[in-house]
Amino acid sequence: MKSNRTIAVLAALAASAGAHAAGKTNVMSATEDLAAIAREIGGDQITVDSIAKGYQDPHFVEPKPSFILKLQKADLLLVVGLQLEIGWLPPLITQSRNGKIQPGGLGYMDMSQYCQILEIPQGQVTRAMGDVHPLGNPHYWLDPDNGRRIAKALADKFSSMQPASAAAFAARYADFDKRLTEAEKGWQAKMAPYKGRKVVTYHRSWPNFCERFGLNVVEYVEPKPGIPPTPNHTLDVINLMKREGVRLILVEPYFDLRAPNKIAQDVGGQVLVLMPSVGGVKEITNYFQLFDYDINLLVNTFQKYQ
-18 MKSNRTIAVL
-8 AALAASAGAH
2 AAGKTNVMSA
12 TEDLAAIARE
22 IGGDQITVDS
32 IAKGYQDPHF
42 VEPKPSFILK
52 LQKADLLLVV
62 GLQLEIGWLP
72 PLITQSRNGK
82 IQPGGLGYMD
92 MSQYCQILEI
102 PQGQVTRAMG
112 DVHPLGNPHY
122 WLDPDNGRRI
132 AKALADKFSS
142 MQPASAAAFA
152 ARYADFDKRL
162 TEAEKGWQAK
172 MAPYKGRKVV
182 TYHRSWPNFC
192 ERFGLNVVEY
202 VEPKPGIPPT
212 PNHTLDVINL
222 MKREGVRLIL
232 VEPYFDLRAP
242 NKIAQDVGGQ
252 VLVLMPSVGG
262 VKEITNYFQL
272 FDYDINLLVN
282 TFQKYQ
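Under the working numbering, the letters of the sequence shown match residues -18 to 287, in that order.
See below:
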């Protein structure tokens, strides 16, 4: 039987651990990408969890009661915004009844506000145009410079929530910025020989990535965003790829491969499953590994078609 002294020591340690945990900022993220950057900046001053997993289509996530419980405990909620999560996240936020993370609350962060947004539609947007995002393309984290902007915004936010740890957050941001700058040089060098290379993508997930790394997207497997490929459009894509000598089709891991495989077979090309998010495969556990994985895959594939 434990002595009273031992019990008292264990109780003190437990209380101390509880106090330490209570001092952390509890962060919930809509996606693993935002969570990964938050971990880089927050370190052991925060706890982080994400709702959507990297292998899931972030447009379509099945709401679960467990998500509501997690949101109830959150001090801060990070969302991609630009209506990416509009089909599943708003009801979860409302049902959490957590005032801090309601839109407009101090614990609600729309990270798109800090980033460069591409493909902002001009004029009226209608359903006839497909699943077009009226505020711009929400896949902005696939440009490392937007990752840097997200990190800076989080450093400032964490500092405002934990002023005593502001210096630590600033140091972690500076370290992240330095490592990202060095990594970008390597990624750019690897992709430089293929600048201007034409590709087809399944969905409009890659404008930020392709603009940053010099790829030219000439067509999409989807006839319109969110609309499954039709036979007529598939034939149009095949003819375009043959005409322009395009060999590569980039596909996200959650889309049906039948149409892309058919197109690739007809043009003598290849389907490449790229990961748009951290956690898409087990090898990608952080933001840097996301670009390492995709760029190495692209370079190895391009080398086959010199």
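No residue lacks a Cβ here, since even glycine has one placed at the ideal position from N, Cα and C.
Non-local beta-carbon contacts of serine 141 in its own chain, meaning distances under 7 angstroms to residues more than five positions away in sequence, are absent. Note that the C-beta distance between tryptophan 122 and valine 61 is below 9 angstroms. Where tyrosine 235 is concerned, there is no enclosing beta strand (DSSP E), because DSSP gives it neither an H nor an E. Per the DSSP secondary-structure output, threonine 266 pairs with nothing in a beta bridge.
Cβ-Cβ distances below 6 angstroms link leucine 255 to Leu231 and Asp275 in the same chain, with the five nearest sequence neighbours on each side left out; the list follows chain order.
Apart from sequence neighbours up to five positions away, the residues of its chain that approach valine 8 with a beta-carbon distance below 6 angstroms are Ala19, Ile27, Val29 and Leu57, ordered along the chain.
Boundaries of the alpha helix (DSSP H) around glutamate 165: 147 to 172. Per DSSP, the beta bridge partners of glutamate 200 are Val181.
Straight-line measurement puts the Cα of asparagine 213 at about 44 angstroms from the Cα of alanine 132. Residue range 212 to 225 is occupied by the alpha helix (DSSP H) that includes asparagine 213. In its chain, beyond the 5 residues on either side, Pro125 have a beta carbon closer than 6 angstroms to the beta carbon of glutamate 165.
Inclusion of glutamate 66 and tyrosine 268 in the CB contact set at 9 angstroms is not warranted, their separation being larger than that value.
Beta-bridge pairing by DSSP links leucine 15 to no other residue.
Annotated three-state conformation of asparagine 7 is strand, per DSSP.
Secondary structure of valine 42 (DSSP, three-state): coil. Cβ neighbours of alanine 151 within its own chain (closer than 8 angstroms, five residues either side excluded): Ala136 and Ser140. In this structure leucine 216 is exposed. Its beta-carbon is surrounded by fewer than 16 other beta-carbon atoms within 10 angstroms.
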